[in-house]
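The next block holds one structure in the form of structure tokens; read it before the comments.
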Amino acid sequence: MGEYSKALSSFERSFEIQKIALPPNHPDFASSYNNIGKVYSHMGEYSKALSSYERSLEIRKIALPPNHPHLADSYNNIGMVYDKMGEYSKALSSFERSFEIRKIALPPNHPDLATSYNNIGLVYYNMGEYSKALSSYERSLEIQKIVLPPNHPDLASSCHNIGTLYNKMGEYSKALSSYERSLEIQKIALSPNHPDLASSYTGIGLVYDNMGEYSKALSSYERSLEIRKIALPPNHPDLAGSYNNIGLVYDKMGEYSKALSSYERSLEIRKIALPPNDPGLAGPYIRIGLVYYKMGEYLKTLQYYEKVQEILEKSLPPTHPHIAILMLKVLLNEAQRNEYSLCPVVAEAIRTILGVHHTNTLIVYNRGKATISNDDATSNL
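First residue of the sequence shown: 645, per the numbering used here; consecutive thereafter.
Have a look at this one:
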């Protein structure tokens, strides 16, 4: 964060000099606003980034022809910020405007067109429109295959995106093939411990996890963790993600002590990386609580759910559905794995945290009761 602050200070000093030396809508102002917007985006200050990018666009509209590539760049940057803010319809509109300009201003297979297709695909993915996302990702990859060397890192990124999409669609063999192709390219194009390789191993592990091949999933997740330990700072959030993934696999394999160890390491990192009562800490506490339940340590289960309650009470309004949604996911996942005995525990935790009459409580509680009833009926056959 310190480097971003220095960069921001430098860009702002440059901007002050430009204001003295240049006319009001000089193109260099647009570049300065663009650079400032990028820094704010990297810092996660998206509203400030958006304001800077929009000011850059306003100047470019005045100073440049209507289909100049720099206008496309501005629309693309605005789309990226909207996507990060979760405003997907606005992101899509911005990316499509960028794409329309690039189609006019650039040759048919220019790399920037591949970028546009990729970004449009990303928004469709985030919107859950997977067939449209796949079409956009594949078009991006087609262009990259024409204009880039066969082992260019951008090809690996496209293959990775397609793998993530196939995994989400439940097409695991296609997902695995795409992730493995991405990894092959990365091994040639990147250093042995580049973080992108860790992401590919994570993707491969996730597919094996979804296929129920837990030993292969564990091997991939552990390889990802090894790379991240070398490439990243000791308390980077991606390390927490790796420990969490390993914990999930051990959990599914019934190796609860190992699962607990991994979950706790993940939690330790998140506690350093996040504010004390950040809602993002609730998930790890829930998972640890469930492991203790499976180990028969019910008092510890209760203690962890009380910690969840404490975090959410301090960080969210009392009727916020965040925790109910988290626990509903746990409830449904456990039900799918035939661990029905956990359903009343999760449902009761939701009831305790949100209250008996909250809408989410009733939905989850009824779902839990229905699941338990189905289990009882099966037991009586």
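Every residue gets a Cβ at the ideal spot worked out from N, C-alpha and C, and that includes glycine.
Fair warning: this is a prediction, and the values are worked out from it, not measured in the lab.
In or out: residue i buried (at least 16 other Cβ within 10 Å) or exposed?
i, result
"GLU647", "exposed"
"SER733", "exposed"
"ILE661", "exposed"
"ARG657", "exposed"
"PRO709", "exposed"
"ASN805", "buried"
"SER822", "buried"
"SER691", "exposed"
"GLU943", "Going by the sequence as given, residue 943 is Leu instead of Glu. Exposed is the call here."
"GLY940", "exposed"
"HIS1001", "Note that HIS1001 scores a pLDDT of 42, beneath 50, so its modelled location is shaky; the value from the coordinates is reported in the next line. It counts as exposed."
"ILE832", "exposed"
"PRO928", "buried"
"TYR936", "buried"
"ASN753", "exposed"
"ILE706", "exposed"
"ILE787", "buried"
"SER775", "exposed"
"ILE790", "exposed"
"ILE1027", "Look at the range of the chain in this structure, 645 to 1025, and you will see that residue 1027 is not part of it."
"GLY898", "exposed"
"ILE890", "buried"
"ILE664", "exposed"
"GLY807", "buried"
"HIS714", "buried"
"GLY1030", "Past the boundaries of the shown model lies residue 1030; the chain is included only from 645 to 1025, so the question cannot be answered."
"GLY814", "exposed"
"GLY772", "exposed"
How many Å lie between residue i and residue j at the Cα?
i, j, result
"ALA884", "ASN721", "29 Å"
"TYR768", "ILE848", "22 Å"
"VAL683", "TYR697", "11 Å"
"ILE874", "ASN837", "7 Å"
"PRO794", "TYR761", "19 Å"
"ASP853", "ARG872", "20 Å"
"SER1027", "ASP882", "Shown here, the chain extends from 645 to 1025; a query on residue 1027 therefore has no answer."
"THR945", "ARG704", "58 Å"
"ARG746", "LEU666", "29 Å"
"ILE748", "TYR719", "15 Å"
"ALA917", "PRO878", "10 Å"
"ALA693", "HIS686", "9 Å"
"TYR858", "GLU954", "34 Å"
"TYR901", "ILE932", "Before going on, a small fix: residue 901 reads as Ser here, not Tyr. Going by the C-alpha atoms only, they are around 10 Å apart."
"ASN669", "ALA651", "23 Å"
"ALA716", "LEU792", "21 Å"
"ASN921", "ASN888", "19 Å"
"GLY723", "HIS880", "27 Å"
"TYR865", "SER779", "29 Å"
"SER886", "SER653", "35 Å"
"VAL851", "TYR816", "6 Å"
"LEU925", "ARG914", "7 Å"
"ASP840", "PRO751", "30 Å"
"GLY730", "ASN678", "21 Å"
"MET855", "LEU834", "29 Å"
"ALA735", "SER649", "26 Å"
"ALA674", "CYS803", "34 Å"
"LEU785", "LEU799", "7 Å"
"ARG867", "SER801", "19 Å"
"LYS951", "TYR894", "23 Å"
"SER906", "LEU934", "14 Å"
"PRO755", "GLU689", "28 Å"
"LEU809", "LEU862", "21 Å"
"ILE997", "PRO919", "Per-residue confidence for ILE997 stands at a pLDDT of 47, beneath the threshold of 50, marking its modelled position as unreliable; no derived number is given."
"SER676", "GLU782", "34 Å"
"GLU740", "ASN770", "16 Å"
"ASP727", "HIS712", "23 Å"
For residue i, would you say it is in contact with chain B, using Cβ-to-Cβ distances shorter than 8 Å as the test?
i, result
"TYR761", "Reference to chain B is not applicable here, since this structure consists of a single protein chain."
Is the region 842-859 touching the region 815-828, taking contact as three or more C-beta pairs under 8 Å?
yes
Where are the alpha helix (DSSP H) runs, 4 residues long or more, that stay fully inside the region 704-728, in chain order?
713-728
Kindly provide the ranges of any alpha helix (DSSP H) runs that are 4 or more residues long and lie completely inside the region 647-689, ordered along the chain.
671-686
Continuous alpha helix (DSSP H) assignments of at least 4 residues falling wholly in the region 839-913:
839-854, 858-875 and 881-896
Of all the alpha helix (DSSP H) runs that stay within the bounds of the region 721-799, which reach a length of 4 or more residues?
732-749, 755-770 and 774-791
Along the chain, which unbroken stretches of the alpha helix (DSSP H) at least 4 residues long are found entirely within the region 908-942?
926-938
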